[in-house]
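For reference, the structure is listed below as structure tokens.
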Amino acid sequence: MNENLTKAMALFDTPEKWAAFCTLCDNRDEMLKVWLSELTDKVQKELDSKWMVTFEHPSNTAVKIYLKEYGDRALSIVWYMDNPRVALWIDPTKHNADIAKSLLKDKLYLNDSYYKSNDWDLYSIEIKELQGERYPVLYTLSHDSEKLQYIFETYIHKFVTKPTSVFEDICKSVKK
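Residue numbering for the sequence shown follows the working numbering, beginning at 1322 and increasing consecutively.
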């Protein structure tokens, strides 16, 4: 018999324990939404009133930070929980991504640790301190305030303090 299966059978050795596990599994997406909501609330408290924080993505596994005035399709910071990374994102169907990419590189002085991802994520950087699937990553960020603060200060803070004016300039410049 598989070793993991043997361990699981020993862990869930009563019908009540097995039923509780199954209930948790059935509600895992709801748990994910709660943790993501808690995370967005914590991030919003770190920002001034110009910024908006939401969670959205087809699988609800990303925190999106953008300037309220320009909306969520303009230049944004997207903090992905699957394959943890932070990206500078723009909707290329509504904005000129090439101009945005050029302005970002010139005005934010992005170093070589940022890489070009795809048409939507102009630049991206891995969060090496967070590894694993979205559930353990979100659990860690929801329950470890020090880790959350470190990640925020290391990967996000540099885009939402002094560079707010840079974001505003880029949002104004890239309208199609």
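Where is the CB? At the ideal position from N, CA and C, for every residue including glycine. What you are looking at is a predicted structure, and each value in this text was computed from that prediction instead of being measured.
query                                                                                                                                                        : result
Which residues in the same chain have their Cβ closer than 6 angstroms to the Cβ of Ser-1434, if we skip the five residues on either side of it in sequence? : Ile-1446
Rank Leu-1353, Thr-1361, Leu-1345, Ile-1472 by C-alpha distance to the C-alpha of Arg-1455 and give the top, closest one.                                    : Leu-1353
Since Val-1384 is in the beta strand (DSSP E), which residue starts that stretch and which ends it?                                                          : 1383–1388
In terms of residues, what are the limits of the beta strand (DSSP E) holding Phe-1376?                                                                      : 1372–1376
Would the beta-carbon of Tyr-1401 fall within 8 angstroms of that of Ala-1421?                                                                               : no
Closest to Leu-1409 by C-alpha separation, out of Asn-1325, Val-1399, Thr-1335, Arg-1394, would be which residue?                                            : Val-1399
Rounded to whole angstroms, how far is the Cβ of Arg-1394 from the Cβ of Asp-1412, which I believe are closer than 8 angstroms?                              : 4 angstroms
Just grab the DSSP bridge partners of Asp-1442 for me.                                                                                                       : Trp-1410
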